[in-house]
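Going line by line, the protein sequences match chains R and B. Numbered per the working numbering, the first sequence spans residues 108 to 284. Numbered per the working numbering, the second sequence spans residues 71 to 810. Think of the CB as a built atom: it goes at the ideal place given N, C-alpha and C, for glycine as much as any other residue. Small disclaimer: the values here were computed from a predicted structure and weren't measured. What follows is a single structure, written as structure tokens, with notes after it.
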Amino acid sequence: MTSLTINGVSIEVQAGDDTPLLYVLSDELQLQGPRFGCGLAQCGSCSILVDGVETRACVTPIASLKDKAITTLEGISAFYAAQTGLASVPQTTPVQDALVEEQALQCGYCYNGMIIKATELLLNNADPSDAEIRSAMNGHLCRCGTYPKIISAIKKASRTIQLARQSAGDSSMEGVV
Amino acid sequence: MKKILTSVPLKRRSLLKAGGALIINFNFQKASFGQNQSLLAGPPDPEQIDSWIAIHQDNSATVFIGFAELGQGCSTALLQVAAEELDLSMTQVSTIGLDTHITPNQGGTYSSSAMRVGGPQIQRAAAEARQALLQMAATQLQVEADSLQVENGIISSTRNNALSTSYGELIGNRQFNLAFTGNAPVKSPDDYKLVGTPYPRNDFPLKAKGIYRYIQHVRLPNMLHGRIVRPRGQGAYKDGVQVTGINEDSIVSIPGARVLRQNNFVGVVAQTEWDAVKAAQQLEVSWEQPGSLPGNESLFERMEKGMTNERVAVEEGDVSAFNTAFARSEFKAHGPYQAHVPFAPNCAVADVSQNSALVMCSSQDIYNTRTSIANLLGMDTEQVRVQFHDGAGTFGHSCWDDVAQAAALMSSMAGQPVRVQFMRWDEHGWDTYGPAHIGKTRISADSNGKLVSYEYEGWQHHWSLIETSEQTAKGTPAAEWPPFPAQQINPRTLGGMYDIPNRYLLNHHVPGLDYLKGAWLRSPVDLSFSFVSEQAIDDLAFQLGMDPWQFRQQNISEYHWLGVLNAAAEAANWQSRPAAENLSNASIVRGRGIGVGTHLASYGGAVAEIEVNKRSGEVKVLHLYGAIDAGLVVNTSNVENQIIGQLVQTASRMLLEEVTFNKTNVTSLDWASYPILRFEQCPEITPIIVQRLNEAPSGAGEEVMAAAAAAIANAFFDATGKRMTMYPFTPERVRETLAG
Numbered sequence: 108m109t110s111l112t113i114n115g116v117s118i119e120v121q122a123g124d125d126t127p128l129l130y131v132l133s134d135e136l137q138l139q140g141p142r143f144g145c146g147l148a149q150c151g152s153c154s155i156l157v158d159g160v161e162t163r164a165c166v167t168p169i170a171s172l173k174d175k176a177i178t179t180l181e182g183i184s185a186f187y188a189a190q191t192g193l194a195s196v197p198q199t200t201p202v203q204d205a206l207v208e209e210q211a212l213q214c215g216y217c218y219n220g221m222i223i224k225a226t227e228l229l230l231n232n233a234d235p236s237d238a239e240i241r242s243a244m245n246g247h248l249c250r251c252g253t254y255p256k257i258i259s260a261i262k263k264a265s266r267t268i269q270l271a272r273q274s275a276g277d278s279s280m281e282g283v284v
Numbered sequence: 071m072k073k074i075l076t077s078v079p080l081k082r083r084s085l086l087k088a089g090g091a092l093i094i095n096f097n098f099q100k101a102s103f104g105q106n107q108s109l110l111a112g113p114p115d116p117e118q119i120d121s122w123i124a125i126h127q128d129n130s131a132t133v134f135i136g137f138a139e140l141g142q143g144c145s146t147a148l149l150q151v152a153a154e155e156l157d158l159s160m161t162q163v164s165t166i167g168l169d170t171h172i173t174p175n176q177g178g179t180y181s182s183s184a185m186r187v188g189g190p191q192i193q194r195a196a197a198e199a200r201q202a203l204l205q206m207a208a209t210q211l212q213v214e215a216d217s218l219q220v221e222n223g224i225i226s227s228t229r230n231n232a233l234s235t236s237y238g239e240l241i242g243n244r245q246f247n248l249a250f251t252g253n254a255p256v257k258s259p260d261d262y263k264l265v266g267t268p269y270p271r272n273d274f275p276l277k278a279k280g281i282y283r284y285i286q287h288v289r290l291p292n293m294l295h296g297r298i299v300r301p302r303g304q305g306a307y308k309d310g311v312q313v314t315g316i317n318e319d320s321i322v323s324i325p326g327a328r329v330l331r332q333n334n335f336v337g338v339v340a341q342t343e344w345d346a347v348k349a350a351q352q353l354e355v356s357w358e359q360p361g362s363l364p365g366n367e368s369l370f371e372r373m374e375k376g377m378t379n380e381r382v383a384v385e386e387g388d389v390s391a392f393n394t395a396f397a398r399s400e401f402k403a404h405g406p407y408q409a410h411v412p413f414a415p416n417c418a419v420a421d422v423s424q425n426s427a428l429v430m431c432s433s434q435d436i437y438n439t440r441t442s443i444a445n446l447l448g449m450d451t452e453q454v455r456v457q458f459h460d461g462a463g464t465f466g467h468s469c470w471d472d473v474a475q476a477a478a479l480m481s482s483m484a485g486q487p488v489r490v491q492f493m494r495w496d497e498h499g500w501d502t503y504g505p506a507h508i509g510k511t512r513i514s515a516d517s518n519g520k521l522v523s524y525e526y527e528g529w530q531h532h533w534s535l536i537e538t539s540e541q542t543a544k545g546t547p548a549a550e551w552p553p554f555p556a557q558q559i560n561p562r563t564l565g566g567m568y569d570i571p572n573r574y575l576l577n578h579h580v581p582g583l584d585y586l587k588g589a590w591l592r593s594p595v596d597l598s599f600s601f602v603s604e605q606a607i608d609d610l611a612f613q614l615g616m617d618p619w620q621f622r623q624q625n626i627s628e629y630h631w632l633g634v635l636n637a638a639a640e641a642a643n644w645q646s647r648p649a650a651e652n653l654s655n656a657s658i659v660r661g662r663g664i665g666v667g668t669h670l671a672s673y674g675g676a677v678a679e680i681e682v683n684k685r686s687g688e689v690k691v692l693h694l695y696g697a698i699d700a701g702l703v704v705n706t707s708n709v710e711n712q713i714i715g716q717l718v719q720t721a722s723r724m725l726l727e728e729v730t731f732n733k734t735n736v737t738s739l740d741w742a743s744y745p746i747l748r749f750e751q752c753p754e755i756t757p758i759i760v761q762r763l764n765e766a767p768s769g770a771g772e773e774v775m776a777a778a779a780a781a782i783a784n785a786f787f788d789a790t791g792k793r794m795t796m797y798p799f800t801p802e803r804v805r806e807t808l809a810g
């Protein structure tokens, strides 16, 4: 039994220590966000945040995660709210909203990783340039070729976050990483 | 499995999901309607209105659609068509998943068929249902049917508002019991409210929240996890897989893991997915690998020199006019094997018992898959039920049938439900690839720049008929599809857009059993066709000192072709000049190119702007402009996405993608050895739709790729004055071409 903290909940899992986290999340806990793509840390399909840092769950054994805070797509709104000092947890994050508004998707399977990575990026850099977006997202593949629209959506989400920051006043946003 | 599920209390699991609820894509009322319809094996009778549309008491409608949602958005666009004809709002229409017990057989979802074939079928069925409902209302209200109007399913008299009824009142949850004649009049395009608009896709919000259920998320009670065990990377199709030994003791350390073997089919199952993954990797199996492939180095030599079957695809006029023509171009070039490699490897869940089989998978053609599963299991087709669940975008015949067969075989051997997901190397290594191609062309023009003659010879093999799971389990010999033309050289992309008095197209069918497995990959072989053909056309313009856009314009009279050609050139602000006019000694040079092409229908035109680093050999595609004329575009946002996807994929296929193999097996087994385009390499994209409200939809899923491939190739010539004769444009290949 290993104890993990996933989306703020401490949970005992059955899987052995060598098990990559992805299989615990998708099989044992049946979460639908992190999902298998390559099992080789090459595509970003299984991405999660570990203490706020985008990490490939398919190659990360649970033994290495015992004292870490794991955030999956299911918990991304709560994570975003905590990081930005929002009073309540929104249904969806600005990244998710912008992706839908821009209709920036085809099959949508890559979305788990895209949302996790874009959220990490915008929490670190609320106003990334085109080159910074491409560089941050470069380890995430999309076979459908939605990259141009994902880039526009991230820019749109970045504007939303900046506007929210302005209207909330800078003081309440000091907690932003 | 049970033990593990209960180890996480339900409450905790729901906490983890942060309030996310179990998602069912249709409400229970509609689900129970589907259940009624599902008592008998399908397909439901397409001659009955009830097979297409069900009206519920709340005025909503369920539309039974026989096409698969592959990420192209057809599940939204076909509902737009139905809602338009029924005068319902988009929130009143829904569909349910493809199921051989429920949804009609509209044929497979390929060749951009969903809107081309499905659009008119759904439109006519909806129009006929509306007509029947208006007749019922006329009887009930005792007025003439043509004095009635409908809004959101409420029917009222145009003369007296007090006279009204509704769809739900008239027929809610009861059947029409009416023959579908196809004779009801459909709306005039002038009256369209929903068709032709960018209505947002209904699956996006769920997908963005991560609560959309893909096939990879489907679980059944008492289910085992399975993996196939094969050599890493396929050999020659005819050789299949030959097991010479298995050491079952090699997985005893994994509790509950066991080997399932039928002849040369080998799989493993375990209680948990990770145990199945470990068991497949750990199992010691020895194989006989005959090494009968040509390897990349000898591929084209073997294809061209071996025995082939010839078919004349087009013969018009006399191409010997080439010999005396003013300007002549002869060009030969090659296209590689390329892979589908969906972002998620294919997955299927099967529950096979003595007398029945349920198979859930991502087949693009569930009725065909049902037949193949029935053959495999020795059952009648009526005993097999196949349900479609979306996977990742697949772009043709990837491993979805192979994995469905593997799951069915393993469930039948295990005696309980089995979920099989391919590993990345299974998907990359055992794909049915888009076949390699050799093209040779001779084209000529007169001194006024009018095309005189066009000859093309093309070599490629056909598609593979027998899946590897069946081949290994049953010993069924490898076989190719019968020689129908869609697998062969494409007269539309090969000069079909130009006015040419003399034309001769010859197909060399290379018998495919000595090669890799093949199948249709988005815009099948068209990228290779246009890579050869449109470079030769460009070369004629160059020889004549003409601008390549103008040269094409003066040889095209068909208005759709001219429309896409001009739309792409105008979007790119194309300035008239001959190609390769601005060659320089700089190490980094830029060029622009233009091309036209398509697949079996519709029309594509494209312009590319690229940058070539002559020193390193690196090519960057800076901007792609792509125009599609697909007749009536029902959902403009979907088609815009389709064009973007096609252009990005074309850049990927032209710059990076090539299946590599030696004499023994395929060696491109993951995203490192088979790279695809990434964010940093992605060009700017300008999608252009040529909308034709008064024409039938003709398909928009693959029709601009050939044009874009040609535009990239021609841009390379414009930048460097050299022509590439093989893609992808890898740095090594580019340096070689520039040195030559």
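Non-local C-beta neighbours of E221 of chain B in its own chain, meaning closer than 8 Å and more than five positions away in sequence, comprise D157, ordered along the chain. Contact annotation for P127 of chain R against chain B: W344 [CB-CB distance below 8 Å, chain order]. Pairwise C-beta distances place the region 525-545 of chain B in contact with the region 555-563 of chain B, as three or more of them are shorter than 8 Å. By the Cβ rule, the region 442-451 of chain B counts as touching the region 471-485 of chain B, because three or more pairs are nearer than 8 Å. Residue-level contact check: G280 of chain B touches chain R, since one or more beta carbons of chain R fall below 8 Å from its beta carbon.
Neighbours of K277 of chain B in chain R, taken as residues at a C-beta separation under 7 Å, are given in chain order as L212, G215, Y218.
Around the CB of R685 of chain B, fewer than 16 other CB atoms lie within 10 Å, so the residue is classed as exposed.
Residue nearest to A395 of chain B within the set B:L521, B:R494, B:D472 is B:L521 (criterion: CA-CA distance). With a threshold of 16 other beta carbon atoms within 10 Å, N292 of chain B falls short and is exposed. Beta-bridge partners assigned by DSSP to G215 of chain R: none are found.
Interface annotation, Q150 of chain B: not in contact with chain R, CB-CB separation never under 8 Å. Using a Cβ-Cβ cut-off of 8 Å, E727 of chain B does not count as an interface residue toward chain R, since no Cβ of chain R sits closer than that to its own.
No Cβ-Cβ contact shorter than 8 Å links A721 of chain B with S593 of chain B.
Within the region 127-143 of chain B, contact with chain R at the beta-carbon level (separation under 9 Å) is assigned to E139, L140, G141, Q142, G143. Just so you know, the alpha carbons of R200 of chain B and A124 of chain B end up roughly 11 Å apart. In this structure, N572 of chain B lies away from A383 of chain B, with their beta-carbon atoms at least 8 Å apart. Neighbours of Q203 of chain R across chain B, judged by C-beta separation under 7 Å: A278, K279. For T807 of chain B, the enclosing alpha helix (DSSP H) starts and ends at 801-809. When C-beta distances to chain R are compared with 8 Å, every residue of the region 430-445 of chain B stays at or above that value. In the three-state reduction of the DSSP assignment, P757 of chain B falls in the strand class.
Straight-line measurement puts the Cα of G687 of chain B at about 6 Å from the Cα of E802 of chain B.
Across the region 460-494 of chain B, CB contacts with chain R closer than 9 Å involve D460, G461, A462, G463, T464, F465, Q491, M493, R494, in sequence order along the chain. Linking P487 of chain B to L428 of chain B through their CA atoms gives a straight-line distance of about 9 Å. With three or more CB-CB distances shorter than 8 Å, the region 491-501 of chain B counts as touching the region 412-420 of chain B.
In the three-state DSSP reduction, W533 of chain B falls in the coil class, being neither helix nor strand.
At a cut-off of 8 Å between beta-carbon atoms, A188 of chain R makes no contact with chain B.
Around the beta-carbon of A780 of chain B, 16 or more other beta-carbon atoms lie within 10 Å, marking it buried. Collapsing the DSSP output to three states places F250 of chain B in coil. Look at I135 of chain B here: in three-state DSSP terms it is coil, with no helix or strand label. Within the DSSP bridge table, the entry for Y503 of chain B names B:G588 as partners.
In this structure, M430 of chain B sits near H459 of chain B, with a CB-CB distance shorter than 8 Å.
The C-beta of E750 of chain B has fewer than 16 other C-beta atoms within 10 Å across all chains shown, which makes the residue exposed.
Of the candidates B:E604, B:N379, B:G303, the residue whose Cα lies closest to the Cα of F554 of chain B is B:N379. Counting only residues of its own chain and dropping the five nearest sequence neighbours on each side, C150 of chain R has a CB closer than 6 Å to the CB of G144, L248. The continuous stretches of beta strand (DSSP E) do not include T378 of chain B, and DSSP gives it neither H nor E. Sequence-ordered contacts of the region 738-753 of chain B with chain R read D740, W741, A742, I746, R748, F749, E750, C752 [C-beta pairs closer than 7 Å].
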